[in-house]
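Trainee: Take a look at the following structure, please.
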Amino acid sequence: MKNNKFIPRLLITILGIAIILMGVSQMILGMVGKSTPAVITSIRRESGERADGKSGRYTYSIGYTFTTADGIKIDGFTKKISNSVYLKPDGTSIVRVLYLSEFPHINAMEQDTGIGAGQITLIIAGSFLIYFMNTKKS
1468 MKNNKFIPRL LITILGIAII LMGVSQMILG MVGKSTPAVI TSIRRESGER
1518 ADGKSGRYTY SIGYTFTTAD GIKIDGFTKK ISNSVYLKPD GTSIVRVLYL
1568 SEFPHINAME QDTGIGAGQI TLIIAGSFLI YFMNTKKS
């Protein structure tokens, strides 16, 4: 019977670790990441209108491609919340991307990196999951 409780606890702990790593990697990218231009390759609106209090807001998945200093092409994506104006990628829209030169697949748009509320929230949320899944109830 103990095994039935162990697997979900392990999975949620791994999820917490992944969330913390995501927040920390965005902070590290802001400090030591290499900057390069990236071309926006896709913009997709996900689901329907958001139910967060403001009408006309949607979640968009934005794909981009950049080339490292070694000439390797890397694809990445980010999520943005914006209004209902439809944008179509034309292959000329450029954004700045930061990436780790040793691991270029760890990358993010420059505006999403550094120490900010989003990164701190991710670290706190991951820590919350780990702590509450691994404390014993009395």
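Taking the numbering used here, the leading residue of the sequence shown gets 1468, the next gets one more, and so forth.
The C-beta atom is built at its ideal place from N, Cα and C for all residues, glycine as well.
1) Can you check which of these residues, L1482, K1472, M1489, L1478, is closest to I1573 by C-alpha distance?
2) Just tell me which of F1595, G1593, T1580, L1478 has its CA closest to the CA of T1545.
3) Starting from the C-beta of R1512, find all residues in its chain whose C-beta is less than 7 Å away, skip the five residues before and the five after it, and write them out in chain order.
4) Among D1519, E1569, D1557, V1552, which residue has its Cα nearest to the Cα of I1539?
5) Three or more C-beta pairs closer than 8 Å, one from the region 1476-1489 and one from the region 1587-1595: is that the case here?
6) So is L1496 buried or exposed if we call it buried at 16+ other beta carbons inside 10 Å?
7) Tell me the DSSP secondary structure of N1471 in three-state form.
8) Tell me whether the beta-carbon of V1564 lies closer than 8 Å to the beta-carbon of G1543.
9) Of the choices Q1578, G1520, S1492, whose alpha-carbon is the least far from that of K1547?
10) Which residues does DSSP list as the beta-bridge partners of K1501?
11) Nearest-angstrom Cα distance between M1600 and G1558?
12) Is the CB-CB distance between P1556 and I1510 below 8 Å?
13) Quick check on the DSSP output: the alpha helix (DSSP H) that includes S1594 runs from which residue to which?
14) Roughly how many whole angstroms lie between the Cα atoms of S1502 and A1536?
Mentor: Considering the structure as presented:
1) Residue mapping note: residue 1573 aligns to position 106 of the sequence shown, counting from 1. It is M1489 whose Cα lies nearest to the Cα of I1573.
2) The sequence position of residue 1545 within the sequence shown is 78, counting from 1. The shortest C-alpha separation from T1545 is found at T1580.
3) Translated into positions along the sequence shown, residue 1512 becomes position 45. Answer for R1512: Y1525, Y1527, listed in chain order.
4) Numbered from 1 along the sequence shown, position 72 holds the residue referred to as residue 1539. Of the listed residues, the one whose Cα sits closest to I1539 is E1569.
5) yes
6) By 1-based counting over the sequence shown, the position of residue 1496 is 29. Buried, since its Cβ has 16 or more Cβ neighbours within 10 Å.
7) Along the sequence shown, read from residue 1 onward, the residue named residue 1471 stands at position 4. Helix at N1471.
8) Taking the sequence shown and counting its residues from 1, one reaches residue 1564 at position 97. Taking the sequence shown and counting its residues from 1, one reaches residue 1543 at position 76. Closer than 8 Å, so yes.
9) Along the sequence shown, one-based indexing puts residue 1547 at 80. The residue with the shortest Cα to Cα distance from K1547 is Q1578.
10) The residue labelled residue 1501 in the question sits at position 34 within the sequence shown. Paired residues: Y1566.
11) Position 133 of the sequence shown holds residue 1600. Position 91 of the sequence shown holds residue 1558. Computed Cα separation, rounded: 45 Å.
12) As a first step, residue 1556 is located in the sequence shown; it is residue number 89 there, counting from the start. As a first step, residue 1510 is located in the sequence shown; it is residue number 43 there, counting from the start. Yes; because the gap between Cβ atoms is below 8 Å, this pair is in contact.
13) Residue mapping note: residue 1594 aligns to position 127 of the sequence shown, counting from 1. From DSSP, the alpha helix (DSSP H) with S1594 extends over 1584-1600.
14) By one-based count along the sequence shown, residue 1502 stands at place 35. By one-based count along the sequence shown, residue 1536 stands at place 69. Approximately 10 Å, taken between the alpha carbons.
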